[in-house]
Amino acid sequence: MKKTATILSAAYALMVLTLAGAALQACCCQNGFDAREKEIIDRQDGVMYVTTLPQDSVTLRAPSRDLSERELRSARLRKLVDGMYLTVTDPSQDGVGIAAPQVGINRRIIWVQRLDKEGEPFECYLNVHLDSLWGEPRRGPEGCLSVPGMRGIVRRSGAVLVSYLDRESLEPRKDTVKGFTAVIFQHECDHLDGILYIDKADSLYRSPEWEAEREAFDYSRPEWWKSPAMPNKCNNQ
Ligand SMILES: [Zn+2]
43 MKKTATILSA
53 AYALMVLTLA
63 GAALQACCCQ
73 NGFDAREKEI
83 IDRQDGVMYV
93 TTLPQDSVTL
103 RAPSRDLSER
113 ELRSARLRKL
123 VDGMYLTVTD
133 PSQDGVGIAA
143 PQVGINRRII
153 WVQRLDKEGE
163 PFECYLNVHL
173 DSLWGEPRRG
183 PEGCLSVPGM
193 RGIVRRSGAV
203 LVSYLDRESL
213 EPRKDTVKGF
223 TAVIFQHECD
233 HLDGILYIDK
243 ADSLYRSPEW
253 EAEREAFDYS
263 RPEWWKSPAM
273 PNKCNNQ
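Residue numbers for the sequence shown, in this note's numbering: 43 to 279.
Rendered as structure tokens:
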């Protein structure tokens with residue numbers, strides 16, 4: 043009898059722990075932007091602060107997660123993607139793409155300039171993933187807003203299959219992209235996995251011209267800026 047009671051107590055305790063664990067996971071994965079992220083987005087009124095190595099390594103090296111349903115339908119998401127667009131198209135930069143960790147938000151959001159389309163428009167991709175890579179490999183120079191003053195030669199696949207949510211309808215979409223635009227997708231999606239082009243480059247080099255570029259863009263860190271306390275910490279509110 044006593045043994046049975048002990049087993050039942052243990053089973054009850056296990057159930058409580060399991061439910062508590064599920065609640066914690068839901069808290070971390072289902073809620074919206076945390077207090078730090080809200081401040082970054084709410085203060086955005088133009089070109090955003092761009093995270094750089096080494097001072098923003100925690101953000102740049104953390105994996106980004108998909109936006110939750112709540113985040114996808116929030117006004118903050120619109121404000122965030124608007125700010126990312128203004129940042130990548132700033133005249134002092136020659137950007138062709140940007141990923142959300144570059145403005146301090148670890149979510150799977152990128153802007154890519156579609157050089158393969160007429161008019162070469164910038165397009166935004168939410169919850170973006172590369173389903174497959176193929177095609178003739180190509181080696182070419184790359185730079186990054188988050189690694190200013192530097193370039194490197196990187197080997198990339200010639201084609202990618204991209205899955206994402208349409209920015210307006212939030213419907214799932216897929217697209218096949220080839221050529222240099224496929225390279226941009228690979229560079230930006232690497233950011234979402236905490237990977238930078240310098241990790242893959244055959245060679246890295248600097249030039250005075252790119253140093254001038256670095257000086258032209260405002261990389262100064264705002265006083266209110268806070269780095270994440272620790273990766274994957276559950277501090278949603
Ligand atoms: Zn980059």
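Glycine residues also receive a C-beta, built at the ideal position from the N, C-alpha and C atoms.
Judged by their CB atoms, residue 145 and residue 82 are nearer to each other than the 8 Å cut-off. Judged by DSSP in its simplified three-state form, residue 263 adopts coil rather than helix or strand.
CA-CA distance, residue 106 to residue 231, rounds to 10 Å.
For residue 246, the CB stays at least 7 Å from every heavy atom of ligand 1.
Two segments are said to touch when three or more pairs of C-beta atoms, one from each, lie closer than 8 Å; by this definition the segment 117-134 touches the segment 148-162.
With respect to the C-alpha of residue 245, the residue from 216, 192, 260 and 102 having the closest C-alpha is 192. The segment 140-167 contains, as complete beta strand (DSSP E) runs of 3+ residues, the segments 151-155 (chain order).
Placement of the Cβ of residue 187 at a distance of less than 7 Å from at least one heavy atom of ligand 1 is found. By the CB criterion at 8 Å, residue 75 and residue 118 fall inside the cutoff. When only Cα atoms are considered, residue 91 and residue 268 end up about 12 Å apart. In the same chain as residue 89, and ignoring 5 residues on each side of it, the C-beta atoms closer than 6 Å to its own belong to 128, 129 and 132, in chain order. Per the coordinates, the alpha-carbon of residue 256 lies some 17 Å from the alpha-carbon of residue 139. Proximity of the beta carbon of residue 171 to ligand 1 is not indicated: no heavy atom of the ligand is located closer than 7 Å. When DSSP states are grouped into helix, strand and coil, residue 122 belongs to the helix group. Residue state for residue 115 is assigned as coil, using DSSP reduced to three classes. Note on residue 212: under 16 other CB atoms within 10 angstroms of its CB, so exposed under the neighbour-count rule. Going by C-alpha positions, residue 249 is about 30 Å away from residue 201.
Less than 8 Å divides the Cβ of residue 95 from the Cβ of residue 189.
Shown here for residue 236: same chain residues with a beta carbon closer than 6 Å to its own, the five before and five after excluded, namely 103, 104 and 105 in chain order. For residue 223, the secondary structure class from DSSP, reduced to helix, strand or coil, is helix.
Of the other Cβ atoms in all chains shown, 16 or more fall within 10 Å of the Cβ of residue 143; this residue is therefore buried. Beta-bridge annotation (DSSP): residue 218 is paired with 203. Nearest in C-alpha terms to residue 209, of all of 123, 108 and 100, is 123.
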